[in-house]
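Asks: Below you will find the structure I want to go over with you.
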Amino acid sequence: MRRGLQLGLLVCGVIVAGLAGYWLWWALEGRPEQGRPAVGGPFELLDGEGRKVTERDFRGRHMLVYFGYTFCPDVCPTTLFNASQALDEIGPALASRVRLVFISVDPERDTPEVVKEYAGHFHAGTVGLTGAPEQVTAAARSFRIYYRKAAPEEDGDYLVDHSSILFLMDGEGRYVTHFSHEATADDMAAALKRLL
Ligand code: NI
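Okay, so the sequence shown: first residue is 277 according to our numbering, each after it adds one.
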């Protein structure tokens, strides 16, 4: 019975992930006739000091935007670490033109203090953002990011399923390209050198 339930949940999870992937594909590549993919847009979130931050605060600088959560055991820290290493590789002059921006999809646990502390583990200048649940939902929606809190374990801990995509946005907040979680620091550095 329990195994059947688990299998059912797994199948559901795969279907949901597949749909989320299709949605992202559609947003990124499915409508070439309209030019740039419809990814990114206005957002209103809170920074590590609890101050209001919008996409306009990043104008004039490229953004590497990543949605995740600080309790994430593997994919989030790996992607942010690779991005940080890529920024080291391209050197301080180019790197100063980019902000690595981490946006939490787990605002329940990721308070401004928590995202600030977390951002401090990555490239200098990395910005951690969070917000009220509705603000986070709106920001994730504008970047076509899927996320869903998994059922808590007995000790109350929980995972959050989420799309793992690192977006490069230009100084006007427009989509330039994206990297999957499989992209290496070298891949990212090469792309940044070409595109910045
Ligand atoms: Ni993660």
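C-beta atoms are modelled at their ideal positions from N, C-alpha and C, and glycine is treated no differently. Since we're looking at a predicted model, the values are computed, not measured.
THR413 to VAL381, Cα distance in whole Å?
Replies: THR413 and VAL381: Cα-Cα distance of roughly 8 Å.
Asks: Where do the N-terminal and C-terminal ends of the alpha helix (DSSP H) with LEU363 fall, by residue?
Replies: Per DSSP, LEU363 belongs to the alpha helix (DSSP H) from 351-371.
Asks: According to the Cβ coordinates, are MET339 and VAL377 closer than 8 Å?
Replies: Cβ atoms of MET339 and VAL377: closer than 8 Å.
Asks: Would the beta-carbon of TYR345 be found less than 7 Å away from any heavy atom of ligand 1?
Replies: TYR345 Cβ: within cutoff of ligand 1.
Asks: In chain order, which continuous runs of the beta strand (DSSP E) of length 3 or greater are located wholly inside the segment 389-446?
Replies: DSSP runs (the beta strand (DSSP E)) wholly in the segment 389-446: 403-405, 423-425, 436-438 and 441-445.
Asks: Starting from LEU340, trace the alpha helix (DSSP H) both ways and give me its first and last residue.
Replies: First-last for LEU340: 338-344, but that is the beta strand (DSSP E), not the alpha helix (DSSP H).
Asks: In the DSSP output, which residue or residues are listed as bridge partners for PHE455?
Replies: DSSP output for PHE455 lists LEU442 as bridge partner(s).
Asks: Would you kindly check if the distance between the Cβ of ARG450 and the Cβ of ARG312 is under 8 Å?
Replies: In this structure, ARG450 lies closer than 8 Å to ARG312 by Cβ.
Asks: Roughly how many angstroms lie between the CA atoms of LEU387 and ARG375, to the nearest whole one?
Replies: Note that residue 387 is Thr in the sequence shown, not Leu. Those two C-alpha atoms are separated by around 20 Å.
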